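A short worksheet on the structure shown next.
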Amino acid sequence: MSAVDGPGDELLGRVFLTRVVEPGDETGGRWVRELGVDAVVRRLRERGDPLPGVSGKRWAGLLARAERAEPRRDLAVARDAGVRFVGPGTPQWPGQLDDLGDARPLGLWVRGGADLRMWALRSVAVVGARACTEYGAHMAATLSAGLAERGWIVVSGGAYGVDGAAHRGALGSGGATIAVLACGVDRPYPRGHTGLIGRIAEQGLVVGELPPGDHPTPSRFILRNRVIAALTRGTVVVEAAHRSGSLATVRAARRLGRHTMGVPGPATSGLSAGVHELLRQDAVLVTDAAEVVELVGDMGELAPERRGPVLPRDLLDPAGRQVLAALPGRGTARPDEIALAAQTTPDDAIARLYELRALGHVERHGDGWKLTRQAMIPVRDGPEPR
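Going by my numbering, the first residue of the sequence shown is number 692, and it counts up by one from there.
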């Protein structure tokens, strides 16, 4: 019989272990991989000898936690809160989380009706500073809205600042978003985001490793970030100081071989210093959703080519541009002077000048030619230069 409640009941065993083993505990993950869930649960329930890799003191702490664990009660509380438990190997488990190896979650508590595995297949993390600037909030919201409009799922941590702006940007555009919490998903943190996280649960998904009612700690926030990194195709950082916790998400993404991206800010801003350091390493600079999708999306999902304003001379053939460039910025010039400067013959220069006059670029004054006002003003829209 299983040490939990019935033969081979792996789900209950994993729920039990979420009460005993901290998220990201690689020693616990190794026990599960090498011995199996049931054997680990049995050793803890029966207060057996310490498993490999832990001191007597730590084993005593794990036994004390195990004594208080009530997996059936946790599942009942979760069910009443509209929360389900998704474990490895089940239909909704995102396979990319297996890349975490022994640090893989024992399972995830999920609030919301969508299919976690399907959503995670086309997702991007948007993270950054909690105490962000207006610029940071604007960029996070705009970028997330653009991703959502392109059919991508925005994943973040539900915190104040950039996280909240990213979730709101996705929701505001009618898109989907996932909040990965460092606490029980039935008790949102921070409390000031209770309404936002409730809305995410209605329109998206709220996910966490910790069982119902569990509270966040500083270490749990850092460990939560590895889930955000593993769940998504890439991570975008919008504002982060040198010691920002969001940089842990990027480091995890880099270790996992995911795309890492950064949105630049003012060189004088300490809140962008961490992002700029990433960009000096191997992160890719991005400024909007199209550039993010070009990196993480499928072949052919290219961002539009960026170019400055089109000038009148850009619309001309090379010979016409050469003659136009030969005219002085002020005053007039004779055809022979223009021909000399354009390195062509006077007859060819005259022919080109009349073409340019028909297009409104030059005008004739007696024996001389001069530029019109139109030739000086940039044209904002027009055909591609030849």
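Each residue gets a CB set at the ideal place from its N, CA and C atoms; glycine is no exception.
Computed from a prediction, not measured in an experiment: that's the story for all the values here.
Are the CB atoms of residue i and residue j nearer to each other than 8 angstroms?
i	j	result
residue 672	residue 857	Summary: the structure shown does not reach residue 672, with the chain confined to residues 692 through 1077, and so no result is reported for it.
residue 1059	residue 1021	no
residue 839	residue 867	yes
residue 1033	residue 1042	no
residue 789	residue 717	no
residue 855	residue 820	no
residue 983	residue 1018	no
residue 836	residue 861	yes
residue 962	residue 824	yes
residue 841	residue 980	yes
residue 884	residue 848	no
residue 703	residue 762	yes
residue 1011	residue 1047	yes
When you compare each of the options to residue i by their alpha carbons, which one comes out closest?
i	options	result
residue 765	946, 1046, 903, 1020	903
residue 807	1019, 896, 748, 703	896
residue 900	741, 785, 800	800
residue 701	780, 736, 719	780
residue 787	973, 812, 933	812
residue 865	890, 955, 848, 725	890
residue 743	937, 723, 760	723
residue 1005	1066, 883, 884	1066
residue 784	898, 1008, 876	898
residue 769	810, 747, 732, 876	876
residue 947	791, 910, 731, 751	791
residue 957	827, 905, 732, 1016	827
residue 732	746, 747, 760	760
residue 910	937, 888, 887	937
residue 802	888, 905, 1038	888
residue 822	1009, 934, 989, 1038	934
Short of 7 angstroms in beta carbon distance, which residues of its chain neighbour residue i, apart from the five on each side in sequence? Order them along the chain.
i	result
residue 1050	none
residue 705	728, 778, 797, 798
residue 738	754
residue 715	794, 914, 917
residue 1036	1030
residue 734	742
residue 1007	1015
residue 1079	Residue 1079 cannot be examined here, being either before or after the span of the chain that is shown, 692 to 1077.
Quick one: residues in its chain with C-beta nearer than 6 angstroms to the C-beta of residue i, no 5 flanking neighbours on either side, listed in chain order?
i	result
residue 966	928, 931, 953
residue 814	844, 846, 923
residue 939	913, 916
residue 950	925, 986, 987
residue 749	none
residue 880	874, 907
residue 725	none
residue 721	793
residue 719	712
residue 745	none
Keeping to the same chain, check which residues put their C-beta closer than 8 angstroms to that of residue i; ignore five residues upstream and five downstream.
i	result
residue 1057	1023
residue 1044	1014, 1026, 1029, 1053, 1055, 1060
residue 973	945, 951
residue 863	832, 836
residue 955	963, 966, 967, 970, 976, 978
residue 805	867, 895, 896
residue 747	741
Does at least one heavy atom of the ligand ZN sit under 7 angstroms from the Cβ of residue i?
i	result
residue 876	The ligand ZN is absent from the structure shown, which contains no ligands of any kind.
Query raised in the report: Counting only runs that start and end within the stretch 837 to 906, where is the alpha helix (DSSP H) found for 4 or more residues in a row?
Result: The stretch 837 to 906 contains these whole alpha helix (DSSP H) runs: 853 to 863, 885 to 894.
Query - Three-pair Cβ contact test at 8 angstroms for the stretch 827 to 834 versus the stretch 772 to 780 - result: No, they do not touch.
Query raised in the report: Between the stretch 916 to 926 and the stretch 938 to 946, do three or more beta carbon pairs fall short of 8 angstroms?
Result: Segments in contact, yes.
Query raised in the report: Can you list the alpha helix (DSSP H) stretches of 4 or more residues lying completely in the stretch 716 to 794, in chain order?
Result: For the stretch 716 to 794, whole alpha helix (DSSP H) runs of length 4 or above, ordered along the chain, are 717 to 726, 728 to 736, 747 to 759, 762 to 771.
Requested in this report: Could you name each continuous beta strand (DSSP E) segment of 3 residues or more that falls completely within the stretch 903 to 983, going from the start of the chain to the end?
Outcome: Counting only runs of 3+ residues, the beta strand (DSSP E) found wholly inside the stretch 903 to 983 occupies 925 to 929, 950 to 954, in chain order.
Query raised in the report: Below 8 angstroms, can you find three or more Cβ-Cβ pairs linking the stretch 744 to 762 to the stretch 710 to 724?
Result: Cβ pair count under 8 angstroms is three or more, so yes.
Query raised in the report: Which residue spans inside the stretch 1033 to 1066 form an unbroken alpha helix (DSSP H) run of at least 4?
Result: If we require 4 residues or more, the alpha helix (DSSP H) runs fully inside the stretch 1033 to 1066 come out as 1037 to 1049.
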